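Just below is one structure, and these are the notes that go with it.
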Amino acid sequence: MTGPAEVRCALMRGGTSKGAYFLAGDLPDDPAARDDLLLRIMGSPDPRQIDGLGGAHPLTSKVAVVSASADPDADVDYLFLQVAVERPEVNDRQNCGNILAGVGPFAVERGLVAPADGETSVRIRMLNTGERAVATFPTPGGRVDYTGDAEISGVPGTAAPVVIEFPAADVPLLPTGNVRDTVAGTEVTCVDNGMPTVLIPAAALGVSGYEPPGDLEEDLALADRLRDIRLAAGKLMGLGDVEHATVPKLTLLAPPRSGGAVTTRTFIPVRCHTSIGVLGAASVAAGLRLPGGVGEGIAVLPEHGDRVRIEHPTGFLDIDTDVDPRGPKVRRTAVVRTARKIFDGTVFPRAAASARPEGGNDGSAPR
Ligand code: NQM
12 MTGPAEVRCA
22 LMRGGTSKGA
32 YFLAGDLPDD
42 PAARDDLLLR
52 IMGSPDPRQI
62 DGLGGAHPLT
72 SKVAVVSASA
82 DPDADVDYLF
92 LQVAVERPEV
102 NDRQNCGNIL
112 AGVGPFAVER
122 GLVAPADGET
132 SVRIRMLNTG
142 ERAVATFPTP
152 GGRVDYTGDA
162 EISGVPGTAA
172 PVVIEFPAAD
182 VPLLPTGNVR
192 DTVAGTEVTC
202 VDNGMPTVLI
212 PAAALGVSGY
222 EPPGDLEEDL
232 ALADRLRDIR
242 LAAGKLMGLG
252 DVEHATVPKL
262 TLLAPPRSGG
272 AVTTRTFIPV
282 RCHTSIGVLG
292 AASVAAGLRL
302 PGGVGEGIAV
312 LPEHGDRVRI
322 EHPTGFLDID
332 TDVDPRGPKV
342 RRTAVVRTAR
352 KIFDGTVFPR
362 AAASARPEGG
372 NDGSAPR
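Take 12 as the starting number for the sequence shown in the working numbering and just add one per residue.
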C-alpha cells in the first residue's frame, strides 16, 4: 500500500501519554490505508519503534485524528487510535482521555477553533465512543499558552491546566448489569465510565497491589490469571472476543497508602500502566461509589464532595465523579490534565515496501 510521502503532524504530550496529532484531512480517508500509513509513521511493528515516532510503549504509541465537527453541539471530532508497538495493528476500540488533553490546543493551533483572549473552551465529540467532553485551557492574547503551574503525577515540572468536563453519557455504567460478577473464579466489578474497566481486589490475585509495574509485568502466573479474567469479562461486558482488543482494562485495587481513596495498578491490558488513564480513573472512581462493588472494604471514600484521589505507581490522579446510585448513572465527571506541543512539522513515513516483516501479523495478543 502506498500513501503520502510526507504528512503534516504535531507531536504532543497529552497528560501522561504522548502521541502524534493529525488533521483528518491530512490522512487517507480509507481506514486500511490510514492505518498502514500510521504504522509506518510510528515505526510499528518493532519493539523499539526505532524507525518512527513511537516511544516503544503503548502510552507513547498513540494517535489523535482531529477534524471540524458537523455536529452542532461539538466544535471538533476526535478519533483516538492506539498503534500497537510490536504488531502491525491499529485499534480504534478504546478512547484515550490523556491524549484528549491535547485535542483542544491542537484544534486551536490548526485553526479549527477561534481562540478567545483569556481562555478557550472546545467542545469535543469523541468518535470512538460517541461521548462528549469540553476542554478549557489558557489562550492569553488568542494563543495557546502551554506554560503554567498545574502539576500532574507522572509528568516532570508544571504546565498550563487543561480542565476537562465530561457530561453524563448514555452508556450503561454497569455493562454486565451487576455490581459484582464472578469471572474466571474471581469476584470483580465491571464498570464503564468512559473506559470499560474490570476492578479486581489485588489480594484476590495473591499480590499486594503496591508492587512496581515492572515486577507485576514479570509475574507470568499473574499474567495468565489476568488474561483469563479479561477474556471472560470482555464477553460478559458485551465486548465480544477481546483477545486482540485493548479493552477492557484491568485495575487491581488495594487500600490507599498516601491519603487517597484507593491504590491502583492498571493493566492496559498487558503492560502495567505507569500511572492510570484518565477515563480508566473515571471508571475506577465511579465503580468505587457503587454500593456492593468489590471496592467496598478496600477504598476509603471522602465523606463529602465529588473528588476522589486515585493513587497509582507514580503518584495520584484526582478525579471528580458525581454518581447517582439509582440507575446507576454518572451525572458528571471532571479532571485536570496538562498538555504540551513538542514539535509541529512534517513527518516522513517509512517506505511502504518495508512496512511489514515476512509473515505480517503474528496473531499474538495485545500488550
Ligand atoms: O483511560 C492508557 C492513557 C491511557 C488511556 C490506556 C487513557 C484513559 O493513560 O482515558 O488516558 O488505558 O490504554 O493514556
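C-beta: ideal position from N, C-alpha, C; glycine also.
All values derive from a computational prediction rather than experimental measurement.
| Query | Result |
| --- | --- |
| C-beta atoms of GLY30 and GLY108 nearer than 8 Å | no |
| Three-state secondary structure assigned by DSSP to ASP239 | helix |
| PRO248 CB to nearest heavy atom of the ligand NQM below 7 Å | Looking at the sequence shown, residue 248 is not Pro but Met. No, since every heavy atom of the ligand NQM falls outside the 7 Å radius drawn around the Cβ of MET248. |
| Own chain partners of LEU301 with C-beta closer than 8 Å, once the 5 adjacent residues on each side are dropped | LEU184, LEU185, VAL190, THR200, VAL202, VAL334, PRO336, PRO339 |
| Range covered by the beta strand (DSSP E) that runs through SER286 | Counting along the chain, SER286 falls outside any beta strand (DSSP E), and DSSP gives it neither H nor E. |
| Closest Cα partner of ASP317 within the set VAL346, ILE309, VAL289, GLY308 | VAL346 |
| Close beta carbons around PRO58, own chain, < 6 Å, minus the five adjacent residues each side | GLU97 |
| 8 Å Cβ cutoff met for LEU111 and VAL289 | yes |
| Of the residues PHE91, SER80, ASP82, the one placed nearest THR71, counting alpha carbons only | PHE91 |
| Contact check, LEU312 vs LEU299, beta carbons under 8 Å | yes |
| Given THR349 as reference, the closest of ASP192, ARG104, PRO116 once Cα atoms are compared | PRO116 |
| Residue range of the alpha helix (DSSP H) that includes GLY303 | Premise fails: GLY303 is in no alpha helix (DSSP H) and is neither H nor E. |
| Residues that DSSP places opposite PHE117 in a beta bridge | DSSP, once it has assigned bridges, lists no residue as partnering PHE117. |
| Best match in LEU64, ARG19, PRO42, LEU22 for proximity to ARG361 [C-alpha to C-alpha] | LEU64 |
| Local conformation of THR71 per DSSP, three classes | helix |
| Option nearest LYS260 by Cα separation, candidates VAL273, THR274, ALA244, SER269 | ALA244 |
| Cβ shell of ARG134 (< 6 Å), same chain only, five flanking positions each side left out | ALA85, ASP86, VAL145 |
| Status (buried if at least 16 other CB within 10 Å, exposed otherwise) for PHE359 | exposed |
| ASN102, DSSP secondary structure in three states | strand |
| Sub-8 Å separation of ILE163 and GLY270 beta-carbons | no |
| Continuous alpha helix (DSSP H) stretch holding GLU228: start and end | 224-229 |
| Proximity to PRO172 [Cα-Cα], best of THR285, PRO324, ILE309, ARG24 | ARG24 |
| Buried versus exposed call for LEU210 [16 or more other C-beta atoms within 10 Å across all chains shown] | buried |
| Cα-Cα separation, GLU17 to VAL119 | 22 Å |
| Near the ligand NQM: SER80 beta-carbon under 7 Å from a heavy atom | no |
| Distance CB(SER55)-CB(PRO15) smaller than 8 Å | no |
| Separation of THR197 from ILE309, as counted between CA atoms | 16 Å |
| Proximity below 8 Å, CB of GLY159 to CB of ASP128 | no |
| For THR285 and MET137, the rounded distance between their alpha carbons | 24 Å |
| Reference ALA67, options PRO212, GLN93, ASP82, closest by Cα | GLN93 |
| Between the CA atoms of VAL76 and GLU307 - distance to the nearest angstrom | 39 Å |
| Under 8 Å between C-beta atoms of PRO280 and THR274 | no |
| Ranges of the alpha helix (DSSP H) found wholly within the segment 29-96, counting only runs of at least 4 | 42-53 |
| Other residues of its chain near ASP181: CB distance less than 6 Å, five sequence neighbours each side excluded | none |
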